[in-house]
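Asks: First the structure, then my questions, so here it is.
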């Protein structure tokens, strides 16, 4: 089977590639295809992340073995992690610059005679010279704080239960 993707670079202007690949390639080959289609050499650290329709980051597939539980791209076949029901990946290339891509499976089809894969269908826009700055936002813990904010804390009460006495400490 052939997978047709739209790969969108997360920048202010429209920069994307429409790419066709064979479904049985591994994620490392897919990484090489994407990185080279955008003009990168493919030699920097990279990861794919499963994603949902809202582009929430899920399970990671790393380019290099990190000696943990993270699956490695070379050992992961594309069609084993992407299908009709799982159509989205986030792809991060070059962890220093954090080039981020939205990878969307648009169509599953049959191989076309005379076409060699991977096949770049469309090239739109140019990659900027510098990666955009990423603003990482921490989770909002106000909800947690408000849940436990109803406790009144009295220092004397604490001291009474834990045997602390200023006079004993400083004498």
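In the UniProt record's numbering, the protein residues as written are 1 to 171.
Glycine residues also receive a C-beta, built at the ideal position from the N, C-alpha and C atoms.
1) Can you tell me whether residue 32 is helix, strand or coil according to DSSP?
2) Would you call residue 124 buried or exposed, if buried means 16 or more other Cβ atoms sit within 10 Å of its Cβ?
3) Quick one: complete alpha helix (DSSP H) runs, 4+ long, within the UniProt domain "Plasmid pRiA4b Orf3-like" (2-130)?
4) Taking just the CA atoms, how far does residue 27 sit from residue 122?
5) Measure how close the beta-carbons of residue 2 and residue 110 come, nearest whole angstrom, since I'm counting them as under 8 Å.
6) Measuring only the C-alpha atoms, how far is residue 130 from residue 119?
7) From 128, 33, 15 and 93, pick the residue whose C-alpha is nearest to that of residue 116; which is it?
8) Just to confirm my understanding: we take residue 95, look at its own chain, exclude 5 residues before and 5 after, and list those with CB closer than 6 Å. What are they?
9) Can you tell me the Cβ-Cβ gap for residue 62 and residue 73, rounded? I've got them flagged as a contact below 8 Å.
10) Using 8 Å for Cβ pairs, my map puts residue 52 next to residue 24. What's the rounded Cβ distance?
11) So, using beta-carbon positions, are residue 10 and residue 102 closer together than 8 Å?
Replies: A quick look at the data gives this:
1) Stepping through the chain shown from its first residue, residue 32 is reached at position 32. Correct three-state label for residue 32: helix.
2) The residue you call residue 124 lines up with position 124 of the chain shown. With fewer than 16 Cβ atoms within 10 Å of its Cβ, residue 124 is classed as exposed.
3) 27-37 and 78-81
4) Walking along the chain shown from the start, residue 122 turns up at place 122. Walking along the chain shown from the start, residue 27 turns up at place 27. Cα to Cα, residue 122 sits roughly 21 Å from residue 27.
5) Walking along the chain shown from the start, residue 2 turns up at place 2. Walking along the chain shown from the start, residue 110 turns up at place 110. Right, their Cβ atoms sit about 6 Å apart.
6) As a working mapping, residue 130 is identified with position 130 in the chain shown. As a working mapping, residue 119 is identified with position 119 in the chain shown. Those two C-alpha atoms are separated by around 27 Å.
7) Against the chain shown, residue 116 aligns to sequence position 116. Looking at the Cα atoms, 33 is the closest of the given residues.
8) What you label residue 95 is simply residue 95 of the chain shown in a count that begins at 1. Cβ within range, chain order: 45.
9) In the chain shown, counting from the first residue as 1, residue 62 sits at position 62. In the chain shown, counting from the first residue as 1, residue 73 sits at position 73. Sure, about 7 Å apart at Cβ, within 8 Å.
10) On the chain shown, position 52 is the one that residue 52 refers to. On the chain shown, position 24 is the one that residue 24 refers to. The pair is not a contact, with the Cβ atoms about 24 Å apart (cut-off 8 Å).
11) Mapped onto the chain shown, residue 10 falls at position 10. Mapped onto the chain shown, residue 102 falls at position 102. Yes, they are a contact pair.
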